[in-house]
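Per my numbering: the sequence shown = residues -10 to 195. One structure is given here, and the rest of the page talks about it.
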Amino acid sequence: MTREIVEVIEDNGPVIEPIEVFRGRHGQEPLFGPLPGVRLGDVLAYEFELPDSFEPWPGRTLLERTFVLLDLGVSFANPCWVRRTTPDGAVVDRTDQGSDRWYVDLITVERDGDQYTCRDLYIDVMVPMDGRHYRMLDLDDYAAAIDDGLLNVAQATDGLHRWQRFLDRHLHTDRAPIGTWSDFPPAAIRPLLDLPPFGDSVQWTG
-10 MTREIVEVIE
0 DNGPVIEPIE
10 VFRGRHGQEP
20 LFGPLPGVRL
30 GDVLAYEFEL
40 PDSFEPWPGR
50 TLLERTFVLL
60 DLGVSFANPC
70 WVRRTTPDGA
80 VVDRTDQGSD
90 RWYVDLITVE
100 RDGDQYTCRD
110 LYIDVMVPMD
120 GRHYRMLDLD
130 DYAAAIDDGL
140 LNVAQATDGL
150 HRWQRFLDRH
160 LHTDRAPIGT
170 WSDFPPAAIR
180 PLLDLPPFGD
190 SVQWTG
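Structure representation (structure tokens):
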């Protein structure tokens, strides 16, 4: 943890604390981590570095920073890369999606002291910032997980309740859609957006 981050303290507000994060899919073992991160109130941020098979957007690096809203159990990131070369030589190009686009994931979060475990819970939404509609993803995977017994009723209903609260609070506060998102990217992450790197980078190996 760098000195600059430790000294970022809001007047009469919460202190930015160093943490460690593990991440992975629901039911996955082992998890990816530990990853360097910070916590400010009900918001976490952590980061990892993508390998050279990825090409970053102009002006960006391969350091991917992810944010977590603890009260809702959602994580989100503005992907740093525009192209990726897969092991078989195929090229994945995301130019048409634009650089100002966020992926939001429904997750579960477990805490053990200053260590947090974040597990993906299938449902995602892609949120563009250029006026396009959002794109909901993987509801079929969520349903399949319930059918296959990977999610029990309590887990499934809890996830849906939290997901609806995220949509209502951050994308469309009013019942009818409006021309802009209600609070996205959430204002709560702004103090963490431009912090220097959180510590020694860990390279993604997935």
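Each residue gets a CB set at the ideal place from its N, CA and C atoms; glycine is no exception.
Same chain, Cβ closer than 6 angstroms to residue i, five either side skipped, listed in chain order
| i | result |
| --- | --- |
| I135 | A145 |
| Y131 | Y111 and I112 |
| D172 | H159 |
For residue i, the three-state DSSP class (helix, strand or coil)
| i | result |
| --- | --- |
| V63 | strand |
| Q192 | strand |
| P3 | coil |
| Q153 | helix |
| L126 | strand |
Alpha carbon of residue i to alpha carbon of residue j, nearest angstrom
| i | j | result |
| --- | --- | --- |
| E53 | E18 | 22 angstroms |
| L160 | H150 | 15 angstroms |
| H15 | W46 | 29 angstroms |
| R124 | Y92 | 10 angstroms |
| D103 | A176 | 24 angstroms |
| S42 | G30 | 35 angstroms |
| V57 | A79 | 32 angstroms |
| Q192 | E9 | 15 angstroms |
| L20 | P3 | 29 angstroms |
Residues near residue i by beta carbon distance below 7 angstroms, same chain, minus five either side
| i | result |
| --- | --- |
| M115 | R90, Y92, Y123, R124 and L126 |
Quick check: the segment 23 to 33 against the segment 115 to 129, are there 3 or more CB pairs under 8 angstroms? no
Residue ranges of each beta strand (DSSP E) run of no fewer than 3 residues wholly in the segment 44 to 95, ordered along the chain? 52 to 58, 63 to 66, 70 to 74 and 80 to 82, all fully within the segment 44 to 95.
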